[in-house]
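J.: Got a structure for you, written out below as structure tokens; questions coming shortly.
Protein chains in written order, with full-length UniProt numbering: chain A, 1 to 316; chain B, 1 to 347.
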């Protein structure tokens with residue numbers, strides 16, 4: 001759990017049909033904590049009876065304490081967090097925001113940084129660009145989007161010969177092989193975007209002999225909705241229902257079960273929970289547990305993962 | 001309250017001393033009559049007024065003399081201060097957090113004026129006035145970490161986070177309990193802790209690393225650690241073991257009360273905002289057994305802790321050779337009465 005601030009929404013700007021930019025400032029214009037490129041905040045959304053918390057990358061200048069900005073893509077098939085941002089949040093809204101946390105920092109040892117973004121995965125790189133400017137380190141950025149209309153990043157990226165937009169509708173698809181060959185030794189690669197892009201970059205990098213330590217990725221996933229299921233708490237015997245549009249973490253919080261968390265996106269490991277018994281299949285949607293740990297079904301990340309089957313007993 | 005600074009030495013004639021006020025505010029590291037490792041972490045700052053927990057970076061009567069001692073050590077061995085090239089931003093983070101904290105917490109001693117990136121720093125106890133451009137290292141006489149830690153008591157390690165681990169990639173280490181920055185630089189959390197006995201098997205390091213990696217800016221923490229040092233020497237480094245190691249053999253029943261010091265480390269942990277690195281200040285407080293035993297609760301407790309300690313830890317902390325003499329001396333202050341919980345002396 002993180003320290004939080006109540007901030008006021010000062011700007012709401014639609015960038016494309018699906019993506020909207022939000023700016024938050026302190027109600028008394030007090031300076032906000034500065035942060036590092038790649039950091040995210042967790043935004044609390046009191047959606048009816050449900051309290052949703054989604055993590056969003058900060059897209060504003062890390063050195064600018066006057067406000068925080070995020071860009072949110074409306075996911076109509078999601079649990080409802082992004083729909084809430086798009087339909088309920090207007091200038092003047094007060095929202096609870098966590099202090100910035102960084103799970104996707106640049107490695108400052110790199111001789112060069114290659115940034116690869118797909119779709120809304122451009123967001124963490126927008127603050128990275130400010131950090132790179134401060135550090136005066138060489139980089140190139142590749143941004144892939146389906147069409148110009150959908151490419152919110154085009155409105156947010158500065159003009160630079162080092163920034164390349166790949167619009168697939170215009171027949172200008174990103175060529176990962178070309179990007180990943182011929183880079184100087186000591187280059188680091190960062191990728192953020194859909195699962196397919198992340199695995200394509202990691203696979204291509206492995207084929208071209210990139211060292212693992214030079215590869216960094218962040219999936220910007222929020223918890224997927226799914227079928228309702230029930231979990232049992234081993235210590236109290238309580239049974240908790242998880243609805244279709246709720247994550248297990250949200251259901252545990254609604255039931256006032258104490259559980260630690262930070263990123264709410266399956267990356268930081270804070271909410272890792274032991275499974276006391278499992279009769280069924282855990283749908284692991286996180287990036288924290290290893291392949292072996294997933295297969296054992298003895299741990300679950302409640303922020304992202306779901307369950308189908310007869311009984312899931314958590315060691316809580 | 002205006003601080004009076006002691007004129008004292010931490011080598012040679014060892015004229016170091018604690019006033020009565022300094023003794024009463026010591027961060028005594030034992031909250032019970034026995035000792036074993038624990039991840040004894042609590043929020044920092046925060047504590048009774050006047051205690052070393054009150055402010056983010058405690059400044060006490062030893063400030064000026066400790067800074068002189070650091071300068072002597074650095075003149076002799078510049079490798080006590082090192083910063084790998086990628087750690088400069090973390091150095092600025094550290095400089096900022098210390099200057100801002102000290103100016104807020106000790107306005108009569110320190111002043112910081114900021115106009116954008118044009119900064120003006122005044123350190124009255126050390127007679128320093130510096131105008132510089134924040135984030136521009138050419139405007140300071142040395143790197144930002146070295147600059148500010150030459151003006152701040154305690155050792156400092158700056159830990160870079162990557163690959164799910166922490167790496168000791170910068171530091172200023174001149175008042176250490178027998179470890180070497182020059183040896184540890186570039187090591188990860190498990191590597192630099194490898195010499196510590198028992199703790200790995202107890203799972204202490206896995207838990208501690210997990211805690212540190214999850215630390216966020218704006219939430220800082222502290223823990224107390226301790227060891228035993230003969231003579232009030234700040235620089236008990238492996239590099240200079242030949243100078244202080246033999247001094248362990250000078251302890252006699254007659255001089256143990258004055259010569260044998262409890263060395264207390266107030267360690268704190270800070271997530272740095274710009275670099276996402278972690279700052280790890282290790283502040284050292286020295287008190288001889290006589291000083292400790294002016295507080296009856298501490299005399300009783302220290303006797304019980306050192307008498308009953310695990311022999312492996314007595315060896316690791318370097319006082320096994322004098323344990324019997326120390327415990328015999330302390331026994332005169334232990335009447336067997338129960339001690340109150342917590343670290344603070346009885347009023």
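No residue lacks a Cβ here, since even glycine has one placed at the ideal position from N, Cα and C.
No experiment lies behind these values; they were computed from the predicted model shown.
Going along chain A in order, which residues have a C-beta closer than 7 angstroms to the C-beta of residue 218 of chain B?
T.: The contacting residues are 3, 33 and 99.
J.: Assuming residue 328 of chain B is part of the alpha helix (DSSP H), what are its boundary residues?
T.: Unbroken alpha helix (DSSP H) run through residue 328 of chain B: 323–331.
J.: If the cut is a Cβ gap below 7 angstroms, which residues of chain B does residue 223 of chain A touch?
T.: Within chain B, no residue comes near residue 223 of chain A; the closest Cβ sits about 20 angstroms away, beyond 7 angstroms.
J.: Which same chain residues end up closer than 7 angstroms to residue 291 of chain B when comparing Cβ atoms and leaving out the 5 residues on each side of it in sequence?
T.: So the list reads 18 and 23, once near-sequence residues are dropped.
J.: How would you call residue 43 of chain B, buried or exposed, if buried means at least 16 neighbouring beta carbons within 10 angstroms?
T.: Counting Cβ neighbours within 10 Å, residue 43 of chain B comes out exposed, since fewer than 16 surround it.
J.: For the pair the region 82–91 of chain A and the region 10–20 of chain A, tell me if three or more CB-CB distances fall below 8 angstroms.
T.: Result yes; three or more Cβ-Cβ pairs closer than 8 angstroms.
J.: Using C-beta distances below 7 angstroms, list every residue in its chain close to residue 317 of chain A, excluding the 5 sequence neighbours before and after it, in chain order.
T.: Shown here, chain A extends from 1 to 316; a query on residue 317 of chain A therefore has no answer.
J.: How should residue 196 of chain A be labelled, buried or exposed, when 16 other C-beta atoms within 10 angstroms of its C-beta is the threshold for buried?
T.: Residue 196 of chain A is exposed by the Cβ-count criterion.
J.: In chain B, which residues lie less than 7 angstroms from residue 96 of chain A when you measure between Cβ atoms?
T.: Simply none; closest approach about 15 angstroms.
J.: With DSSP as the reference, identify every bridge partner of residue 317 of chain A, one or two as the case may be.
T.: Because chain A is modelled from 1 through 316, residue 317 of chain A falls outside the range shown and cannot be assessed.
J.: Examine the Cβ distances between the region 196–214 of chain A and the region 122–133 of chain A and report whether three or more of them are shorter than 8 angstroms.
T.: Cβ pair count under 8 angstroms is below three, so no.
J.: I need the straight-line Cα distance from residue 35 of chain B to residue 254 of chain B, nearest angstrom please.
T.: Spanning the two alpha carbons is a distance of roughly 27 angstroms.
J.: What residues in the region 26–50 of chain A have a beta carbon less than 7 angstroms from any beta carbon of chain B?
T.: Answer in chain order: 33, 34, 35 and 36.
J.: Looking at the secondary structure, which residues open and close the alpha helix (DSSP H) in which residue 257 of chain A lies?
T.: Unbroken run through residue 257 of chain A: none, as it is neither H nor E.
J.: Taking 7 angstroms as the threshold (beta carbon to beta carbon), is residue 117 of chain B in contact with chain A?
T.: Answer no: the Cβ-Cβ gap between residue 117 of chain B and chain A never drops below 7 angstroms.
J.: To which residues of the same chain is residue 273 of chain B closer than 6 angstroms at the C-beta, ignoring the five residues directly before and after it?
T.: Taken in chain order, the residues that qualify are 217.
J.: Comparing alpha-carbon positions, which option in B:312, B:336 and B:267 lies nearest residue 298 of chain B?
T.: Selected option, being the one with the closest Cα: B:336.
J.: So residue 68 of chain A and residue 42 of chain A are supposed to be a Cβ contact under 8 angstroms. How far apart are they, rounded?
T.: At roughly 12 angstroms, the Cβ-Cβ gap does not stay under 8 angstroms, so residue 68 of chain A and residue 42 of chain A are not in contact.
J.: Going by the DSSP bridge assignment, what does residue 263 of chain B pair with across the sheet?
T.: Its beta-bridge partners are B:227 and B:286.
J.: Does residue 332 of chain B pass the burial test, meaning 16 or more other C-beta atoms within 10 Å, or should it be called exposed?
T.: Classification for residue 332 of chain B: exposed.
J.: Which residue wins for smallest C-alpha separation from residue 38 of chain B, given the options B:339, B:279, B:226 and B:242?
T.: Comparing Cα positions, the closest option is B:226.
J.: Taking DSSP as the reference, what is the three-state secondary structure of residue 196 of chain A?
T.: Helix, per DSSP.
J.: How many angstroms separate the CA atom of residue 3 of chain A from the CA atom of residue 279 of chain B?
T.: Approximately 19 angstroms, taken between the alpha carbons.
J.: First and last residue of the beta strand (DSSP E) that includes residue 217 of chain B?
T.: Unbroken run through residue 217 of chain B: none, as it is neither H nor E.
J.: Could you tell me which residues DSSP pairs with residue 268 of chain B in its beta bridges?
T.: DSSP lists B:222 as partners of residue 268 of chain B.
J.: Based on DSSP bridge pairs, tell me the residues matched to residue 53 of chain A.
T.: According to DSSP, residue 53 of chain A bridges with A:44.
J.: Looking at the unbroken alpha helix (DSSP H) that takes in residue 357 of chain B, where does it start and where does it end?
T.: An answer regarding residue 357 of chain B cannot be provided, because it is not within the stretch 1 to 347 covered by chain B.
J.: Does the separation of the CB atoms of residue 309 of chain A and residue 286 of chain A fall below 7 angstroms?
T.: Not a contact, by the Cβ cut-off of 7 angstroms.
J.: Taking 7 angstroms as the cut-off, decide whether the C-beta atoms of residue 173 of chain A and residue 166 of chain A are in contact.
T.: Contact flag set, yes.
J.: Helix, strand or coil, according to DSSP, for residue 170 of chain A in the structure here?
T.: If DSSP states are grouped into helix, strand and coil, residue 170 of chain A belongs with the helices.
J.: Could you give the DSSP three-state label for residue 300 of chain A: helix, strand or coil?
T.: Strand at residue 300 of chain A.
J.: Classify residue 54 of chain A as buried or exposed, calling it buried when 16 or more other Cβ atoms lie within 10 Å of its own Cβ.
T.: So residue 54 of chain A counts as buried.
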